[in-house]
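Asks: Residue numbers for the sequence shown follow the working numbering, beginning at 7 and rising by one. Every residue gets a Cβ at the ideal spot worked out from N, C-alpha and C, and that includes glycine.
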Amino acid sequence: MRSGPVSLPGPALPAAGRRAVRRTDLDGLRGVAIALVVVFHVWFGRVSGGVDVFLVLSGYFFTGLLVRRAEATAAVGLGQVLRRTARRLLPSMVVVLAAIVAATVVLRPYTQWSGIAAQTLAALFFQQNWQLALSWSDYLAADPSVSPLQHLWSMSVQGQFYVVAAVVVAVTAWVARRAGHPDLRRIVLPVIVVGAALVSFGYAVHGHTTAQGWNYYDSGARAWELLAGAGLALAGPYLRPARLVRIVLATAGIASVLLCGWVIPDGAARFPGPAALLPVCAAAALIVSAGNLPEAAWPVPNRLLAGHWARRLGDIAYPLYLWHWPILIFYLAQQARPHAGLVDGTAVIAVSVLLAVATHRWVEEPLRRPADRTVRAARRHRRPGEYALAAVALVVVSVAGAWQVSAVWVNPPQPVGILDPVRYPGAEALDAGVPVPDAPLRPTVSQASADLPPPTGDGCIADWDTRPVVSCTYGDPQATRTLAVVGSSHAEHWLPALQILAAEHGFRIQVYLKMGCPLTLADAVSYKGESNPDCRDWSRDVIDRLGTDRPDWVFTTGTRPRDAGGDETPEEYLQVWSALADRGLNVITIRDTPWLRRGGVRYKASDCLAAGGDRISCGMRRTDALDPIDPQEEPASRFPTVFPIDLTDAICDPDVCPVTAGNILVYHDEHHLSASYSRSLAEPLGRRLQPVLGWW
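#1: Three-state secondary structure (DSSP) at alanine 346?
#2: Take the Cβ of proline 650 as the centre, count every other Cβ of all protein chains shown within 10 Å, and call the residue buried at 16 or more, exposed below.
#3: Which runs of the alpha helix (DSSP H) at least 4 residues long sit entirely within the region 482-524? Give them in chain order.
#4: Any heavy atom of the ligand SAM closer than 7 Å to the beta-carbon of leucine 299?
#5: For tyrosine 327, which of helix, strand or coil comes out of DSSP?
#6: Please work out which residues of its chain come closer than 8 Å, Cβ to Cβ, to valine 703, disregarding the five sequence neighbours upstream and downstream, and give them in chain order.
#7: Taking the alpha carbon of serine 120 as the reference point, which residue from Gln453, Gln505, Ile622 has its own alpha carbon closest?
#8: What are the start and end residues of the alpha helix (DSSP H) that includes asparagine 417?
#9: Report buried or exposed for phenylalanine 131, applying the criterion of at least 16 other Cβ atoms within 10 angstroms of its Cβ.
#10: Going by DSSP, which residues form a beta bridge with valine 101?
#11: In whole angstroms, give me the CA-to-CA distance for glutamate 704 and tryptophan 702.
#12: From this set, Leu348, Ala394, Val402, Ala179, which residue's C-alpha is nearest valine 111's C-alpha?
#13: Among Asn298, Phe46, Ser206, Pro459, which has the Cα closest to the Cα of alanine 497?
#14: Please report the Cβ distance between alanine 342 and glycine 605, rounded to the nearest whole angstrom; I am assuming they are in contact, meaning their Cβ atoms lie under 8 Å.
#15: Which of helix, strand or coil does DSSP assign to aspartate 573?
#16: For threonine 479, which residues does DSSP report across the bridge?
#17: Please say whether aspartate 33 and glycine 313 have beta carbons closer to each other than 8 Å?
#18: Of the residues Gly564, Gly625, Asp540, Glu578, which one's Cα is nearest the Cα of glutamate 676?
#19: Please classify valine 294 as buried or exposed, where buried requires at least 16 other C-beta atoms within 10 Å of its C-beta.
#20: Could you spell out where the beta strand (DSSP E) holding proline 650 opens and where it closes?
#21: Going by C-alpha distance, which of Gly512, Leu299, Pro154, Arg603 is nearest arginine 28?
#22: For tyrosine 673, which of helix, strand or coil comes out of DSSP?
#23: Nearest to serine 98 by CA position, among Phe68, Trp500, Ala323, is which residue?
#24: With H, G and I counted as helix, E and B as strand and the rest as coil, what does DSSP make of proline 600?
#25: Let me confirm a value: arginine 379 is counted as buried when at least 16 other C-beta atoms fall within 10 Å, else exposed. Which label applies?
#26: Under the three-state reduction of DSSP, which class applies to proline 697: helix, strand or coil?
#27: Go through its chain and collect everything with a Cβ distance to isoleucine 355's Cβ below 8 Å, but skip five positions before and after it.
#28: To the nearest angstrom, how far is it from the Cα of glycine 267 to the Cα of leucine 250?
#29: Assuming threonine 654 and arginine 566 are in contact, meaning their beta carbons sit under 8 Å apart, how far apart are those beta carbons, in whole angstroms?
#30: In angstroms with no decimal places, state the Cα-to-Cα distance between leucine 310 and alanine 256.
#31: Please state if the CB of proline 325 and the CB of arginine 252 are separated by a distance shorter than 8 Å.
#32: If we call anything under 8 Å between Cβ atoms a contact, is alanine 433 one with alanine 667?
#33: Which first and last residues belong to the beta strand (DSSP E) in which tryptophan 136 is found?
#34: Helix or strand or just coil, what does DSSP make of alanine 377?
#35: Identify which residue in Arg694, Thr486, Ser495 has its Cα closest to the Cα of glycine 465.
#36: Leucine 338: buried (16+ other C-beta within 10 angstroms of its C-beta) or exposed?
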């Protein structure tokens with residue numbers, strides 16, 4: 007994974023009466039950490055631990071800077087520190103964001119512009135990690151479906167830490183000065199750092215077991231890594247290990263940094279929990295191993311990190327981090343490939359390095375104060391670059407803001423409502439061969455994201471982090487017959503069709519839904535490769551609740567797609583059927599809809615159509631999406647209370663599962679039916695349900 011590769015450079019804190027030593031080895035460590043991040047992103051699809059190393063270095067350098075200023079002047083100079091920090095963080099970021107915005111306009115379908123705009127603004131104002139946390143974005147997924155801005159979450163974590171740390175140190179210094187006890191700062195700051203680090207680590211451990219998707223991006227869970235560096239900055243003058251200990255620390259530290267991504271291959275599912283102690287302790291060991299000694303006395307690993315090429319890599323670490331991910335994502339999107347190979351991956355890295363060098367040379371360096379100039383001359387030297395950067399930033403904010411204003415306030419997507427079944431036969435065009443007149447597509451590609459089933463808008467589906475069972479009533483609330491719709495959003499998207507049937511035939515619909523959570527009794531449940539214990543516990547509670555509420559029928563999904571293609575009915579679904587049978591409940595299982603993937607790459611129907619595709623070219627071959635025989639039929643035959651139904655012929659033609667049918671857009675995203683298409687499925691669904699339910 008990645009972390010914002012911007013550690014503010016500065017020497018370690020000196021011991022009393024000892025001159026500070028410039029830690030060039032840590033500049034090299036920064037470069038090595040980011041190089042590992044880049045290599046692991048491009049070729050291995052796993053976390054390297056480089057981000058965690060970088061967070062430690064960031065906390066170390068920045069806290070050291072703050073404390074040195076407080077000791078030298080009895081005040082931090084909060085405004086000056088924050089201006090200096092912004093000067094280091096923003097120039098390269100603004101340039102990269104401008105390039106991403108331009109590339110989005112040229113290369114991405116217009117349906118993605120507002121999403122990129124939202125993330126651009128979030129990144130620029132250091133809020134990207136929270137936006138990603140809310141969506142549980144998969145950090146390991148380097149494919150065309152991923153945002154080119156996703157990597158900037160770590161910069162947001164860093165920026166938030168810098169602001170909080172600067173305020174805490176400034177306030178502590180001010181209180182100590184007003185109290186007339188300057189030494190008070192040296193007592194209070196370590197207490198704050200240690201206490202906050204312990205709280206953050208405990209919070210990260212808890213988050214790892216309960217909501218890892220959120221935990222990974224959470225600033226509170228990440229804070230302990232930065233605070234580990236802050237603690238080393240405070241303790242540096244007092245840490246003087248023996249020579250043998252320093253050699254052991256340096257050797258173990260560099261080995262752990264280099265091997266972390268291999269030792270912990272599932273870091274995305276484990277960091278920043280206890281597993282992150284490996285890269286954090288590795289960085290700490292390298293910081294302590296050289297201490298305040300002159301370079302000649304450093305252990306060999308530290309001297310190697312202080313070498314020319316490692317330090318040069320450290321110089322471009324920040325822009326390299328910023329550039330490599332969007333270049334990789336835009337390349338994969340243009341090539342429609344899920345990952346880069348050896349040759350094209352090397353090309354991606356080479357281009358990233360060249361752009362990083364150029365950004366460092368012509369953006370970062372001119373905006374820093376030249377050492378051989380007076381302050382006034384340095385400011386004159388920087389001013390044209392600052393004006394140009396401000397202009398670029400203004401353009402980025404204006405363009406992204408305009409997209410957002412248009413998408414959110416001026417012309418937000420709206421659901422289309424009830425469609426004329428003659429002009430919009432939808433599923434009946436496939437299932438019953440109903441003629442399709444000329445009519446504009448509904449929902450349009452711009453409306454697709456808003457064409458959602460009612461529980462999503464009503465708050466009647468539990469989100470990722472909601473553990474309690476949420477239940478709502480639809481259909482005829484006074485009816486004596488009840489159909490319980492249970493499971494994930496793939497059970498939910500049938501509700502618009504079921505509502506039409508409920509209105510026609512007089513039955514109640516009771517929903518028990520949770521995002522990303524089909525009913526399961528498995529002990530190990532995951533979502534996007536991450537542990538999801540809420541789903542396991544929620545499912546068990548729902549099954550017990552159904553045994554108490556006793557609906558006439560339970561309606562849920564009976565299959566799921568396989569990553570390699572086709573679909574399956576996993577063993578854990580059979581366990582659920584058995585548990586429901588034990589409670590005397592009758593179950594209707596419906597075959598899941600095809601999920602839009604090509605070569606393992608997810609894509610949205612609306613994006614594909616907006617990019618110039620048509621209903622067939624944007625669809626999937628039926629043989630890729632589904633097995634020839636419904637996989638739930640055979641296992642269901644062993645359960646007298648389980649009745650499988652299959653509406654594939656109302657969604658797919660014999661060869662292709664198209665993205666539009668009967669003038670209606672089938673999907674509102676990669677794999678969920680649009681509410682409009684679901685409503686058009688009422689008649690086909692009714693024909694399959696009638697012999698099972700016997701209610702009409």
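Replies: Taking the structure as given:
#1: Within the sequence shown, the letter at position 340 stands for residue 346. Looking at alanine 346 - three-state DSSP - the assignment turns out to be coil, as it is neither helix nor strand.
#2: The count along the sequence shown starts at 1 and reaches residue 650 at position 644. Proline 650 is buried by the Cβ-count criterion.
#3: 495-498, 501-511
#4: Judged by which ligands are present, the structure shown has none, so any question about the ligand SAM falls away.
#5: Position 321 of the sequence shown, counted from the start, is the residue given in the question as residue 327. In this structure, tyrosine 327 counts as helix in the three-state DSSP scheme.
#6: The structure shown has nothing for residue 703, since the chain only spans 7 to 702.
#7: For the purposes of this step, residue 120 is identified with residue 114 of the sequence shown, where counting begins at 1. When only C-alpha atoms are compared, the closest one is Gln453.
#8: Position 411 of the sequence shown, counted from the first residue, corresponds to residue 417. Careful: asparagine 417 lies outside any alpha helix (DSSP H) and carries neither H nor E.
#9: For this step, residue 131 is matched to residue 125 along the sequence shown. Counting Cβ neighbours within 10 Å, phenylalanine 131 comes out exposed, since fewer than 16 surround it.
#10: For the purposes of this step, residue 101 is taken as residue 95 along the sequence shown, with counting starting at 1. Answer is none; valine 101 lacks a bridge partner.
#11: This structure cannot speak to residue 704, because the chain is shown only from 7 to 702.
#12: Residue numbering aside, residue 111 sits at position 105 when the sequence shown is read from its first letter. Answer by Cα proximity: Val402.
#13: As a working mapping, residue 497 is identified with position 491 in the sequence shown. Comparing Cα-Cα distances from alanine 497 to each of Asn298, Phe46, Ser206, Pro459, the minimum goes to Pro459.
#14: Taking the sequence shown and counting its residues from 1, one reaches residue 342 at position 336. Taking the sequence shown and counting its residues from 1, one reaches residue 605 at position 599. About 7 Å; that satisfies the 8 Å criterion.
#15: What you label residue 573 is simply residue 567 of the sequence shown in a count that begins at 1. If DSSP states are grouped into helix, strand and coil, aspartate 573 belongs with the strands.
#16: The residue you call residue 479 lines up with position 473 of the sequence shown. Bridge partners of threonine 479: Gln516.
#17: For the purposes of this step, residue 313 is taken as residue 307 along the sequence shown, with counting starting at 1. For the purposes of this step, residue 33 is taken as residue 27 along the sequence shown, with counting starting at 1. Not a contact, by the Cβ cut-off of 8 Å.
#18: Working through the sequence shown from its first residue, we reach residue 676 at position 670. Of the listed residues, the one whose Cα sits closest to glutamate 676 is Gly625.
#19: Sequence index remark: in the sequence shown, residue 294 carries index 288 (1-based). Flag for valine 294 reads buried.
#20: The count along the sequence shown starts at 1 and reaches residue 650 at position 644. 648-651 is the span of the beta strand (DSSP E), which, as asked, contains proline 650.
#21: Your numbering for residue 28 matches position 22 in the sequence shown. The shortest Cα separation from arginine 28 among Gly512, Leu299, Pro154, Arg603 belongs to Leu299.
#22: The residue you call residue 673 lines up with position 667 of the sequence shown. Tyrosine 673: strand per DSSP, three-state reduction.
#23: For the purposes of this step, residue 98 is taken as residue 92 along the sequence shown, with counting starting at 1. Answer by Cα proximity: Ala323.
#24: For the purposes of this step, residue 600 is taken as the residue at position 594 of the sequence shown. Coil at proline 600, not helix or strand.
#25: Stepping through the sequence shown from its first residue, residue 379 is reached at position 373. Any answer about arginine 379 is weak, because its pLDDT of 49 lies below 50 and its placement is not dependable; what the coordinates show is given next. Flag for arginine 379 reads exposed.
#26: Position 691 of the sequence shown, counted from the first residue, corresponds to residue 697. It is helical.
#27: As a first step, residue 355 is located in the sequence shown; it is residue number 349 there, counting from the start. Counting only Cβ-Cβ distances below 8 Å, and skipping sequence neighbours, we find Val44, Val45, Val48, His330.
#28: For the purposes of this step, residue 267 is identified with residue 261 of the sequence shown, where counting begins at 1. For the purposes of this step, residue 250 is identified with residue 244 of the sequence shown, where counting begins at 1. Going by the C-alpha atoms only, they are around 27 Å apart.
#29: Your numbering for residue 654 matches position 648 in the sequence shown. Your numbering for residue 566 matches position 560 in the sequence shown. Not confirmed; about 14 Å, so no contact.
#30: As a working note, residue 310 is residue 304 in the sequence shown. As a working note, residue 256 is residue 250 in the sequence shown. Cα to Cα, leucine 310 sits roughly 11 Å from alanine 256.
#31: In the sequence shown, the residue the question calls residue 252 occupies position 246. In the sequence shown, the residue the question calls residue 325 occupies position 319. No, these two residues do not count as a Cβ contact at 8 Å.
#32: Numbered from its first residue, the sequence shown carries residue 433 at position 427. Numbered from its first residue, the sequence shown carries residue 667 at position 661. Contact flag set, yes.
#33: Counting from one through the sequence shown, the residue named residue 136 turns up at place 130. First-last for tryptophan 136: 134-141, but that is the alpha helix (DSSP H), not the beta strand (DSSP E).
#34: Residue 377 sits at position 371 when you count from the first residue of the sequence shown. Since pLDDT at alanine 377 reaches only 42, below the 50 mark, its modelled position is unreliable, and the value read off the structure follows with that caveat. In the structure shown, alanine 377 sits in coil (DSSP, three-state: anything other than H, G, I, E or B).
#35: Locating residue 465 in the sequence shown gives position 459, counting from the first residue. When only C-alpha atoms are compared, the closest one is Ser495.
#36: The sequence position of residue 338 within the sequence shown is 332, counting from 1. Leucine 338 should be labelled buried.
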